[in-house]
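One structure below.
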Amino acid sequence: MSTFYVTTPIYYVNARPHLGHAYTTIVADTLKRFHKLIGSDARMLTGTDEHGDKIVKAAAKENKSPKEFVDAISAEFNALWKDLKIDYDQFIRTTDEDHKKSVQALLQRIYDKGDIYYGEYGGHYCFGCERFYTEKELEDGLCPQHKTKPEYISEKNYFFKMSKYQDWLKQYILDNPDFIRPERYKNEVLAMLEGNVLEDLCISRPKSRLEWGIELPFDKDYVCYVWFDALANYISALGWGNSDDLSKFDKYWPAEHLVAKDILKPHGIFWPTMLKAADLPVYKHLNVHGYWLVKDTKMSKSLGNVVDPRFASEHFGLDAFRYFLLRDMHFGSDASYSEEGLISRINSDLSNDLGNLFSRVLSMNAKYFAKEVPALGELSEEDEQIFASVDTAAQNYIQLFKEVRFSYALDGLWEPIRLMNKYVDSQAPWTLYKEGKTERLATVIRVLLENMYKIAVLLYPVMPESSQKMQAQLGKEFSLHEKLIDDLMSCKVHLRTGAVISDSSNRFPQFEKTAENREEKKDDKKDGKKNQKKDNAPKTEENAGSGLIEFADFQKLDLRVGTILNAEQHPDADKLLRFDVDLGEEKPRQIISGIAEFFKPSELIGHKVVVVANLPPRKLRGLVSHGMILTAEKDDHLSLLTSSAPNGSKIS
Ligand code: MSP
Numbered sequence: 190m191s192t193f194y195v196t197t198p199i200y201y202v203n204a205r206p207h208l209g210h211a212y213t214t215i216v217a218d219t220l221k222r223f224h225k226l227i228g229s230d231a232r233m234l235t236g237t238d239e240h241g242d243k244i245v246k247a248a249a250k251e252n253k254s255p256k257e258f259v260d261a262i263s264a265e266f267n268a269l270w271k272d273l274k275i276d277y278d279q280f281i282r283t284t285d286e287d288h289k290k291s292v293q294a295l296l297q298r299i300y301d302k303g304d305i306y307y308g309e310y311g312g313h314y315c316f317g318c319e320r321f322y323t324e325k326e327l328e329d330g331l332c333p334q335h336k337t338k339p340e341y342i343s344e345k346n347y348f349f350k351m352s353k354y355q356d357w358l359k360q361y362i363l364d365n366p367d368f369i370r371p372e373r374y375k376n377e378v379l380a381m382l383e384g385n386v387l388e389d390l391c392i393s394r395p396k397s398r399l400e401w402g403i404e405l406p407f408d409k410d411y412v413c414y415v416w417f418d419a420l421a422n423y424i425s426a427l428g429w430g431n432s433d434d435l436s437k438f439d440k441y442w443p444a445e446h447l448v449a450k451d452i453l454k455p456h457g458i459f460w461p462t463m464l465k466a467a468d469l470p471v472y473k474h475l476n477v478h479g480y481w482l483v484k485d486t487k488m489s490k491s492l493g494n495v496v497d498p499r500f501a502s503e504h505f506g507l508d509a510f511r512y513f514l515l516r517d518m519h520f521g522s523d524a525s526y527s528e529e530g531l532i533s534r535i536n537s538d539l540s541n542d543l544g545n546l547f548s549r550v551l552s553m554n555a556k557y558f559a560k561e562v563p564a565l566g567e568l569s570e571e572d573e574q575i576f577a578s579v580d581t582a583a584q585n586y587i588q589l590f591k592e593v594r595f596s597y598a599l600d601g602l603w604e605p606i607r608l609m610n611k612y613v614d615s616q617a618p619w620t621l622y623k624e625g626k627t628e629r630l631a632t633v634i635r636v637l638l639e640n641m642y643k644i645a646v647l648l649y650p651v652m653p654e655s656s657q658k659m660q661a662q663l664g665k666e667f668s669l670h671e672k673l674i675d676d677l678m679s680c681k682v683h684l685r686t687g688a689v690i691s692d693s694s695n696r697f698p699q700f701e702k703t704a705e706n707r708e709e710k711k712d713d714k715k716d717g718k719k720n721q722k723k724d725n726a727p728k729t730e731e732n733a734g735s736g737l738i739e740f741a742d743f744q745k746l747d748l749r750v751g752t753i754l755n756a757e758q759h760p761d762a763d764k765l766l767r768f769d770v771d772l773g774e775e776k777p778r779q780i781i782s783g784i785a786e787f788f789k790p791s792e793l794i795g796h797k798v799v800v801v802a803n804l805p806p807r808k809l810r811g812l813v814s815h816g817m818i819l820t821a822e823k824d825d826h827l828s829l830l831t832s833s834a835p836n837g838s839k840i841s
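Note that the sequence shown ends on residue 841 in our numbering; no numbers are left out.
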């Protein structure tokens with residue numbers, strides 16, 4: 190069985206987790222699930238980076254010892270991953286004893302090889318970055334990151350001969366073009382290596398200045414530089430350097446690393462040269478993504494614009510939130526986060542396309558085949574097209590996932606989903622039913638159910654819970670096994686004819702409220718009286734007789750979206766048509782409408798309409814009407830009001 194090992198950066202514990210951290214961790218979880226889906230033994234590592242100056246300072250600010258402080262924030266990261274149902278195998282902390290042993294083993298190995306030496310160094314030290322800057326790297330004499338003046342420090346320290354590996358690294362990157370991906374980051378690293386610019390790396394800090402770190406095995410007056418310590422987590426987690434049992438390391442190393450562009454240099458340059466110096470294989474790929482921005486600015490605690498991933502996932506649903514993150518960020522580029530963007534992605538892709546498909550097809554199957562999976566008959570060209578489009582999209586999806594191009598993968602998978610919705614409209618199962626063409630009707634529904642199943646399985650890495658629920662709705666129990674994807678891709682039929690399946694689905698409700706509206710709603714809930722006052726407000730003098738209505742009056746209207754399943758002439762009235770409209774309720778409603786002179790009944794079947802759903806039933810020439818279809822009129826031209834929202838959506 191092939192293996193797969195994915196890692197996140199280990200996060201600093203000087204700040205609380207936010208959307209940026211959650212994104213990388215959700216991507217790692219998605220990749221792990223994807224590789225399990227395609228039959229690998231997949232493993233995921235995350236954790237916290239707990240040594241260094243930054244942590245000591247943050248702890249002092251809260252009057253805590255470094256240990257107390259790191260324990261508390263590390264636990265917060267861990268708790269968030271539990272709430273976000275991250276399926277990690279290991280949570281490593283750099284204060285773990287095993288990790289310390291590994292770092293010391295790595296240092297000793299490189300030292301013994303002669304690649305670590307002791308020397309005097311004077312340089313511009315930025316305490317924020319915990320590193321020395323050369324004159325050339327400073328911008329107007331200031332740290333390029335923090336815009337503060339670094340302190341000039343001259344002291345004796347240990348250095349790793351990184352410059353020795355510059356040519357090797359450059360050649361390695363050129364020989365393995367997707368070692369660092371997407372390409373722009375490979376080019377950035379190559380630019381850093383242009384000319385003979387790589388200097389040796391200072392890897393120690395005197396204890397007189399910093400005690401909170403791992404002691405050098407060859408000099409007890411020094412602790413290890415925090416980046417050298419942190420990068421080693423990826424192998425210490427597999428037991429390298431701290432255990433005689435190297436089976437995990439042999440099985441899972443080399444890794445797929447995930448990072449954002451802020452930490453490209455340590456991962457693109459320090460880490461591969463460290464591994465090379467220790468005679469260890471380098472990682473498989475460094476996968477680098479961009480930043481989540483809020484209103485064009487990087488999220489940061491100091492700007493107060495950090496997004497809380499726990500709130501977003503609780504409010505909008507964890508799977509919908511995951512889908513949005515993977516779909517809206519093109520891996521490698523920056524992306525903007527806004528609740529409006531999230532809502533519109535949920536409404537269009539999840540509710541209108543995927544959710545609507547499941548809801549329509551399952552309710553038709555319940556109505557036409559008493560919830561039993563119907564038999565597949567002879568396939569028409571249109572049916573074959575549906576199978577082919579799902580197969581092509583599935584193959585691309587798998588390939589693009591391997592290349593960490595999630596947004597393109599999902600975009601491609603939505604093509605057959607939209608095509609299937611159109612296929613429902615063009616095949617018009619309601620007409621086949623009416624005309625008694627049961628065999629053809631069965632085939633159409635079965636084509637849809639089989640392809641919906643494939644899509645549900647493929648969505649497992651992105652929306653694990655929804656994927657399993659959708660499969661359950663189709664009568665299938667999900668279990669990962671080595672041949673799952675091969676089986677899925679190699680045949681058309683996976684469901685059992687005659688199996689009883691769900692009669693409805695409402696997995697992805699619409700969100701119509703903006704953030705501001707939600708806040709208002711919360712206030713109204715808190716303040717019941719305020720709400721009541723609004724509803725019962727006396728008609729103001731300005732409004733009386735002006736044709737204006739109170740908001741409360743408008744709120745009384747129950748406007749719903751529905752699909753016309755049947756339309757026919759009223760048997761006893763020329764001007765009236767009789768409709769069966771699916772409003773997402775248990776059974777379609779009969780509605781009688783006086784629009785016969787404007788439309789042919791057959792033209793209206795399958796159309797989406799807006800219905801006033803709370804009018805009292807009314808008899809029109811012997812037939813009871815349970816609502817009213819809304820139309821718009823201008824210059825004697827009548828059109829139907831329409832909406833692409835799923836059946837039953839409430840208009841407000
Ligand atoms: N401790 C180091 C990493 C050591 S790994 C051996 C560190 N920690 S960090 O807490 O600052 O985490 C940085 C990482 O958090 C980024 O590389 C990225 O994975 C994630 N993100 C933090 N803010 C982010 C955004 N605004 N957008 C996307 N990801 C971001 O660096």
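Ideal placement from N, C-alpha and C gives every residue a C-beta, glycine not left out.
Check                                                                                                                                              : Outcome
Pick from 506, 421, 677: whose alpha carbon is nearest that of residue 234?                                                                        : 421
Give a yes or no on whether the C-beta atoms belonging to residue 690 and residue 663 are separated by under 8 Å.                                  : yes
Can you tell me which of 425, 367, 346 puts its alpha carbon nearest to the alpha carbon of residue 294?                                           : 425
Based on the DSSP secondary-structure assignment, which residues constitute the bridge partners of residue 687?                                    : Looking at the DSSP assignment, residue 687 forms no beta bridge with any residue, so it has no partner.
Please state if the CB of residue 391 and the CB of residue 348 are separated by a distance shorter than 8 Å.                                      : yes
Can you tell me where the beta strand (DSSP E) holding residue 448 begins and where it ends?                                                       : 445-449
On the DSSP letters alone, give me the boundaries of the beta strand (DSSP E) that residue 758 sits inside.                                        : 748-758
Just verifying my parser: in three-state terms, what is the DSSP assignment at residue 395?                                                        : strand
Mind pulling the beta strand (DSSP E) runs of 3 or more residues that sit fully within the segment 265-345?                                        : 279-282, 305-315, 320-322
Just verifying my parser: in three-state terms, what is the DSSP assignment at residue 518?                                                        : coil
Who pairs with residue 594 in a beta bridge, going by DSSP?                                                                                        : According to DSSP, residue 594 bridges with nothing at all.
Considering Cα atoms alone, identify which of 777, 831, 255 is closest to residue 814.                                                             : 777
With three or more beta-carbon pairs closer than 8 Å as the criterion, would you say the segment 531-547 touches the segment 502-517?              : yes
For residue 233, list the residues DSSP reports as bridge partners.                                                                                : 195
Measure from the alpha carbon of residue 760 to the alpha carbon of each residue in 388, 809, 440, then state which is nearest.                    : 809
For residue 581, name the three-state secondary structure that DSSP assigns.                                                                       : helix
Does the Cβ-Cβ distance between residue 754 and residue 785 come in under 8 Å?                                                                     : no
In the DSSP assignment, find the unbroken alpha helix (DSSP H) run with residue 843 in it and report its ends.                                     : The structure shown has nothing for residue 843, since the chain only spans 190 to 841.
Using the DSSP secondary-structure output, state which residues sit across from residue 767 in a beta bridge.                                      : 757, 781
My output table needs one value for residue 260: the three-state DSSP class, helix, strand or coil.                                                : helix
CB-CB under 7 Å to residue 284, same chain, minus the five flanking residues each way: which ones, in chain order?                                 : 239, 259
For residue 371, is the beta carbon positioned less than 7 Å from some heavy atom of the ligand MSP?                                               : no
Is the distance from the Cβ of residue 291 to the Cβ of residue 430 below 8 Å?                                                                     : yes
Round the Cβ separation of residue 812 and residue 840 to the nearest angstrom and send it over; I've been treating them as touching at under 8 Å. : About 26 Å; that fails the 8 Å criterion.
Quick check: is any heavy atom of the ligand MSP less than 7 Å from the C-beta of residue 750?                                                     : no
For residue 200, which of helix, strand or coil comes out of DSSP?                                                                                 : strand
Compute every distance between the C-beta of residue 897 and the non-hydrogen atoms of the ligand MSP, then say whether any falls below 7 Å.       : The structure shown has nothing for residue 897, since the chain only spans 190 to 841.
Taking the C-alpha atoms as reference points, what is the distance between residue 287 and residue 471?                                            : 21 Å
Our contact map puts residue 499 next to residue 218 with C-beta atoms below 8 Å; I'd like the distance itself, whole angstroms only.              : Not quite, the Cβ-Cβ distance comes to about 15 Å (not below 8 Å), so this is no contact.
Kindly identify the DSSP beta-bridge partner or partners of residue 839.                                                                           : 749
Is the separation between the beta-carbon of residue 827 and that of residue 496 shorter than 8 Å?                                                 : no
May I ask you to verify whether the segment 296-307 touches the segment 315-332, counting CB pairs closer than 8 Å and requiring at least 3?       : no
Considering only the beta carbon of each residue, do residue 458 and residue 358 sit closer than 8 Å?                                              : yes
Determine the direct distance from the alpha carbon of residue 639 to that of residue 682, and round the result to whole angstroms.                : 6 Å
By how many angstroms is the C-alpha of residue 805 removed from the C-alpha of residue 512?                                                       : 41 Å
Have a look at residue 709 and residue 699 and give me their C-alpha separation to the nearest angstrom.                                           : Confidence is the limiting factor: at residue 709 the pLDDT is only 43, short of 50, which leaves the residue's position unreliable, though a coordinate-based value still follows. Cα-Cα distance, rounded: 18 Å.
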